[in-house]
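Taking the working numbering, the leading residue of the sequence shown gets 184, the next gets one more, and so forth.
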Amino acid sequence: MKIIMLGAPGAGKGTQAKKIADKYQIPHISTGDIFRANIKEGTELGKKAKSYMDQGLLVPDELTLELIMDRFQNPDCANGYVLDGFPRTIPQAEALTAALEKNGETIDYAINVEVPDENIVTRMSGRRACLACGATYHVVYAPTKTEGVCDRCGEKLVLRDDDKPETVKKRLDVYHSQTQPLIDYYTKQGKLVEVDGTQNVDAVFDAIVKILGA
Ligand code: ADP
Ligand code: AMP
């Protein structure tokens, strides 16, 4: 099963992608997580990506595509994957379609998690991230057992640099201008499905499972 998660930053793509990956036994591939891991390790790619991410801008397509095409070579992608945060531009979507077509494949679903902009800033300011294992929490909606410590791996949680309100506003602008057009793109491909992302985490997941099948 090949799935794309669409939606504004903070809509809950990562939260749902992790649950999908667990249930359907496919890898969760987050370009944002891969960039953050590179930043943490101080790689050249990380240095380049950070300058864009900190401003709320997208990392150039060229860099992003190189990274994701490389990730697809990993044997764990043989049975599909859930993509979280990729594609984010029309050229990225076209590159993905072309890469899949080469093997006679297509994606199965592009799931649009719908959350209005008004809810996004609250979600992002309360988000806490584990840079070690990629887990995401929320101080109110998805709290950890011990404050500030990852339930999964015990690392200290951080407020992401790009989750500050002024950067979130920029990221929302970028989302509307560069990523939202993908909704049309996947509607035309007959792949788009929508879920109401304002419900609680479990209700959103139930809606997704209804679409994907139990
Ligand atoms: P995205 O991957 O789309 O940027 P996340 O999955 O990281 O979004 O979610 C953003 C924030 O909102 C996180 O702090 C997460 O815990 C919280 N969150 C996710 N889904 C919900 C939900 N259905 N209701 C309330 N909060 C949520
Ligand atoms: P995310 O973790 O998905 O919220 O992504 C965090 C940041 O990483 C984004 O604001 C972008 O700067 C960058 N990024 C992640 N995925 C992509 C992508 N597919 N294309 C360009 N930039 C990306």
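Using N, Cα and C, we set each Cβ at its ideal position, and we do this for glycine too.
Pull up the distance between the alpha-carbon of residue i and that of residue j, whole angstroms please.
i	j	result
residue 339	residue 313	7 Å
residue 287	residue 245	24 Å
residue 216	residue 237	14 Å
residue 316	residue 274	29 Å
residue 193	residue 270	16 Å
residue 258	residue 272	26 Å
residue 305	residue 334	22 Å
residue 303	residue 191	8 Å
residue 268	residue 242	12 Å
residue 210	residue 201	9 Å
residue 412	residue 285	This structure does not reach residue 412, given that the chain is present from 184 up to 397, and the question cannot be answered.
residue 374	residue 203	17 Å
residue 225	residue 250	16 Å
residue 307	residue 382	16 Å
residue 260	residue 212	10 Å
residue 337	residue 223	17 Å
Considering only residues of the same chain and omitting the five flanking positions on each side of residue i, which have a CB-CB separation below 7 Å?
i	result
residue 199	188, 296, 387, 388, 391
residue 361	241, 271, 272
Between which residues of its own chain and residue i is the CB-CB distance below 6 Å, once the five residues before and five after are set aside?
i	result
residue 300	355
residue 353	239
residue 228	221
residue 343	312
residue 278	248
Is it true that the CB of residue j sits closer than 9 Å to the CB of residue i?
i	j	result
residue 255	residue 282	yes
residue 380	residue 298	yes
residue 291	residue 186	yes
residue 276	residue 358	no
residue 195	residue 384	yes
residue 372	residue 280	yes
residue 378	residue 366	no
Tell me which same chain residues have a C-beta within less than 8 Å of the C-beta of residue i, skipping the five on either side of it?
i	result
residue 309	321, 322, 323, 324
residue 208	262
residue 247	214, 241, 269, 271, 275
residue 206	392
*asked:* When you compare the segment 226–233 with the segment 345–354, are there three or more beta-carbon pairs, one atom per stretch, that lie closer than 8 Å?
replied: no
*Whole beta strand (DSSP E) runs in the segment 280–334 with 3 or more residues, listed along the chain?*
292–297, 310–312, 319–321
*Which residue spans inside the segment 210–265 form an unbroken alpha helix (DSSP H) run of at least 4?*
214–224, 227–236, 244–255
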